[in-house]
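Asker: Quick one: the structure is below, and I'll ask about it shortly.
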Amino acid sequence: MPNKKLSKAKTAKKDEFYTRYEDIQAELNNYEEHFKGKTVMCNCDDPYESNFSKFFLKNFNYLGLKRLICTSYSGSPVIGKQLTLFDDLEELVTTKNGYVMDITEVPMENGRGVSDNDIDRLLKSKKKGVKKLKGSGDFRSEECVEYLKQSDIVVTNPPFSQFKEYVAQLMEYNKKFVIIGNQNAVTYKEIFPLFKDNKLWIGKGFKGNVAFFESPYQDYAVSSQHKDGLIRVSGVMWFTNLDLNKRHENLILYRRYNPDDYPKYVNFDGIDVNLTSEIPCDYEGVMGVPKTFMDKYNPDQFEIIGYEREDEITKAGIRNIPEDFLETYRKQGGTGHYTKGMKNLCYYDNTGKAKIAFARILIRNKNPEKGGL
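Quick note on numbering: the sequence shown equals residues 122 to 494 in this note's numbering.
Right under this line is the structure:
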């Protein structure tokens, strides 16, 4: 069934999706070597509630962190559900201010690892725990930006509706990061050039790009997909600019090019590949592939040429849809709203049916097998 969560989040600005500890651990296990001696910031994370905060507190010593900074936004509907601010003052956490946890050490009572009691004691410590911010804790606020400037790596699940602005801030301050976002962000006009220039790539990821979050919103998942207390969200990815092994794994190509299986575009010098798994191993020219290809993208194996969208079309050299193609398309029952001024990639399949490709990324194989075209 169609996934309703992200569309509802987009229209209602419902951004509260809290990542499970096990999902954070599964992803961050791929970047361990990057954290030693670094200052980590989680700037969308209530120190009391966030599993990002909990993960880095538990693994502060194991990873060899220099410093951990976590800031929370006062608008969160779950802020301060668990703890008072300081044990000795019994000051309740309020929703008027954001909070910051800024630590440089995590003591271990038993000396064998950070326990939940160690974390609880630290969070309630007036000298080493959490304090109020002057403002709301919005990641764009002046005080949060100052903390950002002092960090090396940012790790969090930022607001879905503010993803473009969030990434722009990370790039502005030249930060390393591992963050969660929707797979549609791959083709945002503000984000795609970062992929093309190898300034951003996909992390290890959720299985099937489906994640289960803790959330105050209703879960619309069918019974077979439902998990108690969690909300299912499809099309979710980890985005990063930290190197990981997956990025250098070659996509295994087992198909060979033949014109019957890979139609040429009518308005562009390239072929259409309907599935990432069907990319031919021996084709030397440009290929249009689904955006899900980005999850398998290896910059040593492929070159990204462009993307089929208005601001990229002219650069790529995609021409207008020919009038005779549109006439055939409509005669054959095509119902899409296309006109002769549009530049969507189009082709005739091996039965002569006029088709218009959907959201293609243009790539080239850097090392095609010999004997292809």
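In this text, a Cβ means the ideal position worked out from N, Cα and C, and glycines have one as well.
Note that this is a predicted model, so its numbers are computed, not measured.
Rounded to whole angstroms, what's the CA-CA distance from residue 184 to residue 369? Just pull it up for me.
Answerer: Residue 184 sits at position 63 when you count from the first residue of the sequence shown. Residue 369 sits at position 248 when you count from the first residue of the sequence shown. Cα-Cα distance, rounded: 24 Å.
Asker: Threshold first: 4 residues or longer. Then list the alpha helix (DSSP H) segments lying entirely within the region 311-398, N to C.
Answerer: 313-317
Asker: Between the C-alpha atoms of residue 420 and residue 397, what's the straight-line distance to the nearest angstrom?
Answerer: As a working note, residue 420 is residue 299 in the sequence shown. As a working note, residue 397 is residue 276 in the sequence shown. Just so you know, the alpha carbons of residue 420 and residue 397 end up roughly 15 Å apart.
Asker: Return the chain-ordered list of same chain residues with a C-beta closer than 6 Å to the C-beta of residue 188, the five sequence neighbours on each side being excluded.
Answerer: Indexing the sequence shown from 1 puts residue 188 at position 67. Excluding sequence neighbours, residue 188 sits near 160, 225.
Asker: Indicate whether residue 194 and residue 257 have their beta-carbon atoms separated by less than 8 Å.
Answerer: Taking the sequence shown and counting its residues from 1, the one referred to as residue 194 is at position 73. Taking the sequence shown and counting its residues from 1, the one referred to as residue 257 is at position 136. A contact, by the Cβ cut-off of 8 Å.
Asker: Kindly indicate the opening and closing residues of the beta strand (DSSP E) around residue 160.
Answerer: As a first step, residue 160 must be located in the sequence shown, where it is residue number 39. Residue 160 -> beta strand (DSSP E) spans 160-163.
Asker: State the beta-bridge partners of residue 191 as determined by DSSP.
Answerer: As a first step, residue 191 is located in the sequence shown; it is residue number 70 there, counting from the start. DSSP output for residue 191 lists 163, 222 as bridge partner(s).
Asker: On the CB-based measure, 16 or more other CB atoms within 10 Å of its CB, does residue 409 come out buried or exposed?
Answerer: Within the sequence shown, the letter at position 288 stands for residue 409. Flag for residue 409 reads buried.
Asker: When DSSP labels each residue in this structure, what does residue 238 get in the three-state scheme?
Answerer: In the sequence shown, counting from the first residue as 1, residue 238 sits at position 117. Three-state result, residue 238: helix.
Asker: Buried or exposed: which applies to residue 261, given that a residue is buried once 16 or more other Cβ atoms fall within 10 Å of its Cβ?
Answerer: By 1-based counting over the sequence shown, the position of residue 261 is 140. Exposed, because fewer than 16 other Cβ atoms sit within 10 Å of the Cβ of residue 261.
Asker: With H, G and I counted as helix, E and B as strand and the rest as coil, what does DSSP make of residue 182?
Answerer: Here residue 182 refers to the residue found at position 61 of the sequence shown. Looking at residue 182 - three-state DSSP - the assignment turns out to be helix.
Asker: Counting pairs of beta carbons, one from the region 273-285 and one from the region 154-172, are three or more of them closer than 8 Å?
Answerer: yes
Asker: Classify residue 271 as buried or exposed, calling it buried when 16 or more other Cβ atoms lie within 10 Å of its own Cβ.
Answerer: One-based indexing of the sequence shown puts residue 271 at position 150. The residue in question, residue 271, is exposed, as its Cβ has fewer than 16 Cβ neighbours within 10 Å.
Asker: Say whether the region 244-255 touches the region 285-301, bearing in mind that this needs 3 or more beta-carbon pairs closer than 8 Å, one atom from each stretch.
Answerer: no
Asker: Quick check on DSSP: helix, strand or coil for residue 490?
Answerer: Working through the sequence shown from its first residue, we reach residue 490 at position 369. Residue state, collapsed to three classes: coil.
Asker: If we count Cβ pairs, one from each stretch, closer than 8 Å, do we get three or more for the region 355-370 versus the region 317-324?
Answerer: yes
Asker: Quick one: grab the DSSP three-state call for residue 265.
Answerer: Numbered from 1 along the sequence shown, position 144 holds the residue referred to as residue 265. Here residue 265 carries a helix assignment [DSSP, helix/strand/coil].
Asker: I need the DSSP call for residue 408, collapsed to helix, strand or coil.
Answerer: Looking up residue 408 in the sequence shown gives position 287. In the structure shown, residue 408 sits in a strand (DSSP, three-state: E or B).
Asker: Can you check DSSP and say which residues form a bridge with residue 475?
Answerer: For the purposes of this step, residue 475 is taken as the residue at position 354 of the sequence shown. DSSP, once it has assigned bridges, lists 469 as partnering residue 475.
Asker: Between which residues of its own chain and residue 400 is the CB-CB distance below 6 Å, once the five residues before and five after are set aside?
Answerer: Position 279 of the sequence shown, counted from the start, is the residue given in the question as residue 400. Taken in chain order, the residues that qualify are 374, 394.
Asker: For the alpha helix (DSSP H) containing residue 153, name the first residue and the last one.
Answerer: Here residue 153 refers to the residue found at position 32 when the sequence shown is read from its first residue. Careful: residue 153 lies outside any alpha helix (DSSP H) and carries neither H nor E.
Asker: Identify whether residue 442 lies in helix, strand or coil by the three-state DSSP scheme.
Answerer: Translated into the one-based positions of the sequence shown, residue 442 becomes position 321. Correct three-state label for residue 442: coil.
Asker: In angstroms, rounded to a whole number, what distance separates the CA positions of residue 138 and residue 154?
Answerer: For the purposes of this step, residue 138 is taken as residue 17 along the sequence shown, with counting starting at 1. For the purposes of this step, residue 154 is taken as residue 33 along the sequence shown, with counting starting at 1. For residue 138 and residue 154, the distance between alpha carbons rounds to 28 Å.
Asker: If I measure Cβ to Cβ from residue 407 and keep anything under 6 Å in the same chain, skipping five residues before and after, which residues do I get?
Answerer: Looking up residue 407 in the sequence shown gives position 286. Excluding positions up to five away in sequence, the list reads 391, 426, 483, 485.
Asker: So, at 8 Å on beta carbons, what are the nonlocal neighbours of residue 474 in its own chain, with the 5 sequence-adjacent residues on each side left out?
Answerer: Reading the sequence shown from its first residue, position 353 is the one you call residue 474. Closer than 8 Å at Cβ, skipping near neighbours: 453.
Asker: Quick check: the Cα distance between residue 223 and residue 191, rounded to an integer number of angstroms?
Answerer: As a working mapping, residue 223 is identified with position 102 in the sequence shown. As a working mapping, residue 191 is identified with position 70 in the sequence shown. Approximately 7 Å between the Cα atoms of the pair.
Asker: Exposed or buried, residue 211, counting other C-beta atoms within 10 Å across all chains shown (16 or more means buried)?
Answerer: On the sequence shown, residue 211 is found 90 positions in, with the first residue counted as 1. Note on residue 211: pLDDT 43, under 50, position unreliable in the model; the coordinate value appears next. Flag for residue 211 reads exposed.
Asker: Have a look at residue 247 and residue 228 and give me their C-alpha separation to the nearest angstrom.
Answerer: Taking the first residue of the sequence shown as position 1, residue 247 is located at position 126. Taking the first residue of the sequence shown as position 1, residue 228 is located at position 107. Approximately 15 Å between the Cα atoms of the pair.
Asker: Report all residues from its chain with a CB closer than 6 Å to the CB of residue 230; omit the five preceding and five following residues, and keep chain order.
Answerer: Counted from its first residue, the sequence shown places residue 230 at position 109. Contacts found: 239.
Asker: From the DSSP output, read off the bridge partner residues of residue 511.
Answerer: The chain is shown only over 122 to 494; residue 511 falls outside these bounds and no answer can be derived.
Asker: DSSP on residue 305, reduced to helix/strand/coil?
Answerer: If you number the sequence shown from 1, residue 305 lands on position 184. DSSP places residue 305 in helix when its eight states are reduced to three.
Asker: Return yes when the Cβ of residue 387 is within less than 8 Å of the Cβ of residue 468, no when it is not.
Answerer: Position 347 of the sequence shown, counted from the first residue, corresponds to residue 468. Position 266 of the sequence shown, counted from the first residue, corresponds to residue 387. Against a cut-off of 8 Å, the Cβ pair of residue 387 and residue 468 comes out as a contact.
Asker: Using a threshold of 8 Å, state whether the C-beta atoms of residue 429 and residue 466 are closer than that.
Answerer: The residue labelled residue 429 in the question sits at position 308 within the sequence shown. The residue labelled residue 466 in the question sits at position 345 within the sequence shown. The answer is yes: Cβ separation under 8 Å.
Asker: Anyone know if the C-beta pair for residue 298 and residue 362 falls short of 8 Å?
Answerer: As a first step, residue 298 is located in the sequence shown; it is residue number 177 there, counting from the start. As a first step, residue 362 is located in the sequence shown; it is residue number 241 there, counting from the start. Yes; because the gap between Cβ atoms is below 8 Å, this pair is in contact.
Asker: Which of the three DSSP states, helix, strand or coil, is assigned to residue 430?
Answerer: On the sequence shown, residue 430 is found 309 positions in, with the first residue counted as 1. Three-state DSSP puts residue 430 in coil, outside helix and strand.
Asker: With the cut-off set at 8 Å, would you say residue 480 and residue 412 are in Cβ contact?
Answerer: As a position in the sequence shown, residue 480 is number 359, starting the count at 1. As a position in the sequence shown, residue 412 is number 291, starting the count at 1. With a cutoff of 8 Å on beta-carbon distance, residue 480 and residue 412 are scored as near each other.
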